[in-house]
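The block underneath contains the structure these notes are about, expressed in structure tokens.
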Amino acid sequence: MNEVQLEVAKAYPNDSGRGIARLDPDTLLHLKLSPGDIIEIEGAETTAAKVWRADRQDWNTDTVRVDGFTRQNADVGIGERVTIRKAEAEKADKLVLAPPEEASVQFGSDAAGMVKRQILKRPVVERDIVPVMSSTNHPFMRSPGQAIPLIAVETEPEGVCLITEDTEVELREEPISGFEKTGGGITYEDIGGLQNEIQRVREMVELPMKHPQIFSKLGIEPPQGVLLHGPPGTGKTLLAKAVANETSASFFSIAGPEIISKYYGESEQQLREIFEDAKEESPSIIFIDELDSIAPKREDVTGEVERRVVAQLLTMMDGLETRGQVIVIGATNRVDSVDPALRRPGRFDREIEIGVPDEIGRKEILQIHTRGMPLSDDVSLDHLADETHGFVGADIESLTKEAAMKALRRYLPEIDLDEEEVPPSLIDRMIVKRDDFSGALNE
Ligand code: ADP
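Position in the sequence shown (first residue = 1) + 337 = the numbering used here.
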């Protein structure tokens with residue numbers, strides 16, 4: 338049978354959430370494929386994607402670029418190999434989508450139609466995650482700009498199905514159990530810039546989780562704790578969630594200040610329980626935000642709670658012995674305020690600095706946060722990247738949201754808030770313009 342084995346690589350920023358696989362012309366020729374054709378991607382699981390031609394820099398690299406959802410659907414990570422072959426896709430008569438266990442979504446009355454329009458001509462396999470963008474310009478969809486990962490719980494027929502105008506798409510609000518999706522659907526494509534940082538986190542966290550035998554063979558201990566440090570809003574939390582997602586690890590999140598204050602008197606108990614749960618559900622990532630907040634302050638003579646929590650954390654980390662199956666990722670804006678005891682060997686002994694993005698990073702972040710937005714032709718992301726010196730990821734995210742809100746205000750007079758549905762013709766017309774960004778920038 339005509340098939341090839343290729344190495345999986347990260348999708349281009351604009352491809353994410355679109356069910357696209359990028360192949361080079363040689364591979365297309367070899368498999369007798371044309372752009373737009375459907376392929377099967379077989380990793381530990383099998384999924385499908387639509388083929389597009391890769392950019393020139395990727396030619397002859399023996400790679401296939403797919404996004405994090407497709408990687409999850411094929412159950413493979415970046416750098417692993419998959420088998421690719423042309424798919425026999427049949428037209429889908431029916432597709433039923435439902436949110437994963439931990440998600441709750443509300444669909445507007447015309448949501449099924451919108452979803453269908455988004456996934457038209459795309460292949461779906463039963464059990465696939467189908468990311469659906471809730472576009473910013475739609476007042477009836479929650480969490481604008483974010484992909485909602487829905488699960489294809491049923492397709493008719495089975496196998497690789499193609500969504501067409503005639504497909505009946507049904508949305509269920511009832512979450513489907515048995516699909517463990519972690520990290521809220523965040524993947525590496527949701528992170529702009531930080532190429533080297535992602536690579537280092539992958540080596541430190543993904544490698545020991547997926548291939549513990551490498552470490553035992555070489556007689557080295559996988560890291561227990563990784564410390565991410567840098568200014569707020571640069572993507573530390575995002576990175577921790579993405580790693581959890583890409584490794585299919587359970588994700589436990591602890592807010593440093595919260596563990597100190599909220600559970601007054603119960604902080605250690607709380608911490609112990611989280612570590613126990615993480616062990617039980619391993620592989621796991623425990624993310625501790627604002628790690629510095631659980632350091633006893635020098636000026637604070639007592640700092641009793643902090644001292645006890647630090648002691649408990651040290652005990653838990655020293656007792657992990659999970660050989661990389663539970664990894665603690667700490668984040669801080671003030672690395673010097675982290676209790677030195679926490680930074681000793683066997684604890685948070687790996688450090689990665691997450692810095693303010695440069696112009697290229699800013700452009701990638703802009704691409705990510707305008708992914709679901711209809712942009713007018715006069716919007717230049719290059720230009721915006723140039724104009725946003727000093728912005729961190731969180732600033733860029735608010736900028737794009739603000740620009741979309743400005744655009745929305747322009748259309749508000751045409752929207753009748755008492756009507757349940759906004760005229761589709763209006764929705765089709767909505768765009769975010771250069772002036773919306775300029776306005777948002779000048780605020
Ligand atoms: P930190 O943990 O470093 O304080 P977060 O990861 O919580 O920052 O970032 C806050 C938000 O800002 C994210 O949810 C994301 O929308 C946006 N953001 C921050 N950094 C990036 C980045 N590098 N790429 C894309 N978005 C980013």
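Glycine included, every Cβ here is placed at the ideal spot set by N, Cα and C.
Which residues DSSP lists as bridging residue i, in chain order
i	result
residue 389	359
residue 570	According to DSSP, residue 570 bridges with nothing at all.
residue 316	Lying before the first or after the last residue shown, residue 316 is absent from the chain, which here runs from 338 to 780.
residue 563	666, 687
residue 468	486
residue 792	This structure gives no information on residue 792, because the portion of the chain shown stretches from 338 to 780.
residue 353	Per DSSP, none; premise fails for residue 353.
residue 383	379
residue 342	420
residue 769	712
residue 400	344
residue 587	621
Distance cut-off 6 Å: residue i Cβ against heavy atoms of the ligand ADP
i	result
residue 457	no
residue 574	yes
residue 570	yes
residue 731	yes
residue 528	yes
residue 625	no
residue 510	no
residue 622	no
residue 705	yes
residue 534	no
residue 583	no
residue 758	no
residue 702	yes
residue 739	no
residue 734	yes
7 Å Cβ shell around residue i - same chain, five flanking residues per side excluded
i	result
residue 776	743
residue 459	356, 387, 500
residue 721	703, 774
residue 711	474, 767, 768, 769
residue 772	none
residue 619	659, 662, 663
residue 444	508, 510
Neighbourhood of residue i by C-beta distance below 8 Å, restricted to the same chain and skipping five residues each side
i	result
residue 383	377, 411, 462
residue 543	414, 580, 583, 584
residue 563	538, 541, 542, 664, 665, 666, 667, 685, 687, 688, 689
residue 594	627, 630
residue 608	591, 596, 646, 649, 650, 653
residue 731	569, 570, 571
residue 589	611, 614, 615, 621, 622, 623, 624
residue 705	350, 353, 526, 527, 528, 529
residue 392	349, 359
Exposed unless 16 or more other CB atoms sit within 10 angstroms - verdict on residue i
i	result
residue 431	exposed
residue 753	exposed
residue 484	buried
residue 520	Confidence at residue 520 is low in this model, with a pLDDT of 48, below 50, so its placement is unreliable and the value that follows should be read with caution. Burial call: buried.
residue 554	exposed
residue 381	exposed
residue 366	exposed
residue 789	For residue 789 there is no data in the structure shown, the boundaries of the chain being 338 and 780.
residue 587	buried
residue 561	buried
residue 698	buried
residue 369	exposed
residue 726	exposed
residue 749	exposed
residue 700	buried
residue 548	exposed
residue 567	buried
Cβ neighbours of residue i in the same chain (closer than 6 Å, five flanking residues each side left out)
i	result
residue 577	624, 666
residue 426	375, 460, 497, 499
residue 491	433
residue 418	342, 344
residue 422	340, 377
residue 674	629, 632
residue 713	768, 770
residue 737	706, 707
residue 406	466, 468
_Completely contained alpha helix (DSSP H) runs for the stretch 483-534, where each covers 4 or more residues_ = Whole alpha helix (DSSP H) segments, 4+ residues: zero.
*Curious, which full-length beta strand (DSSP E) runs of at least 3 residues does the stretch 423-462 contain?*
Along the stretch 423-462, the beta strand (DSSP E) occurs as fully enclosed runs of 3 or more residues at 431-435, listed in sequence order.
*Which whole runs of the alpha helix (DSSP H) in the stretch 727-757 are 4 residues long or more, in chain order?*
Scanning the stretch 727-757 for uninterrupted alpha helix (DSSP H) segments of 4 residues or longer gives 730-748, listed from N- to C-terminal end.
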